[in-house]
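Read through the structure below, which is laid out as structure tokens, and then see the notes.
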Amino acid sequence: MSNPLPVLSILNNVRTISDFLYISQQTVLTSSIINSNPVLATDFVNWQQDIYNEYFEGFISENLIAQPYTIQGYYNDAFPVATMQSLANSTLIPTGSTTPGLIVSADSVSNLVTKGNIYASGLETIAKGIQGADQKKVDALMAIVDSLSTLFDQQEDELTKGSFGLGADIVVTAVNVAIAVGSEGETIQPLISSISKVGTDAITELNLSKDINNTIAELQQAWSDLDSASNELANITLIVNQLNAVIQKASATIKALKKIVNDWQKVANATMVSANKWLDTENTAFKEWTSRMVLVSFSTATQTIS
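Count the sequence shown with the working numbering and you get residues 96 to 401, in order.
In structure tokens, the structure reads:
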């Protein structure tokens, strides 16, 4: 009897990747950054669009979600067991290629993640040119941001713990939390942190802990105390810190992509066994994997704390 093909390990690593790439989509450059370096700003926006196309549309929609649905359709149509091996293989691996489509897309996502280093360096150069900023106040604000991120990480662990199950829909939810500051409700961008969960219930809104709410209040006060130059430096520093978290080659993002590649290759390998082994064990394991994967859905909730 074959071992079950991976489902939850794939989803856990998707969650890790999403934490970083949702942040990349939420990063908004300030007008002064755009004015001081319009070429960098244009390239950065194009990079964000490329990530959206490759990760959210390619990696997730066209591969991780669409392929199990396609294969389940073949099973529902009651194709012969022997025929299913060829159909499953051709769905996972494009014609003329020896590599599964999801793995090709994962490589593209990895390249885009590391490419963010270019923009982090450019923004650091702009930050060094800001005159009159109070570096101590900015450093103090970043320390509060770090504390808040730690608290978010702790709440994420509590949300996810004990929520796994294979008998019901498996939902991957990312919750983006933006902090509203100022009398007109502007939000601090990029996102301070994101919380995501793999489980059976989607999150629509977080019930934030007392410690998180207190730290948010502290952050809002620290932000409102900044003068114009310090505010600009804080914005750029926040963006650079988030980008650095995304693009470090040793980061959880790259590691998670590699783990998904390994898991997905196991799935593809199940379709490349001998005809006898497919008929004996692998078809059953593959059909079970497909039935679990089609229960997966992805949702995103954005919560603004005013």
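All C-beta atoms in this analysis are idealised placements derived from N, C-alpha and C, irrespective of residue type, glycine included.
(1) If you pair each beta-carbon of the region 199 to 211 with each one of the region 302 to 320, do three or more pairs fall below 8 Å?
(2) My output table needs one value for Phe393: the three-state DSSP class, helix, strand or coil.
(3) Out of Leu103, Ile331, Thr366, Arg110, state which residue places its alpha-carbon closest to the alpha-carbon of Ile221.
(4) I'd like the list of long-range same chain contacts for Ala380, defined as Cβ closer than 7 Å, with 5 residues on each side in sequence excluded.
(5) Which whole-angstrom value is the C-beta distance of Asn158 and Leu197, which I expect to be below 8 Å?
(6) Taking only three categories from DSSP, how would you classify Lys361?
(7) Sort Leu321, Thr395, Met179 by Cα distance to Asp234 and report the nearest one.
(8) Would you be able to state if there are at least three C-beta pairs under 8 Å between the region 121 to 139 and the region 357 to 377?
(9) Is it buried or exposed for Glu300, if we count other Cβ within 10 angstroms and need 16 for buried?
(10) Which of helix, strand or coil does DSSP assign to Ile349?
(11) Are there 16 or more other CB atoms within 10 angstroms of the CB of Gly227, so buried, or fewer, so exposed?
(12) Tell me which residues share the same chain as Met237 and place their Cβ nearer than 8 Å to its Cβ, disregarding the 5 neighbours each side in the sequence.
To lay it out plainly:
(1) no
(2) Residue state, collapsed to three classes: strand.
(3) Ile331
(4) Ser97, Pro99, Leu100, Ala365
(5) 4 Å
(6) helix
(7) Of the candidates Leu321, Thr395, Met179, the one whose C-alpha sits nearest the C-alpha of Asp234 is Leu321.
(8) no
(9) exposed
(10) helix
(11) exposed
(12) The residues are Ala329, Thr332, Leu333, Asn336.
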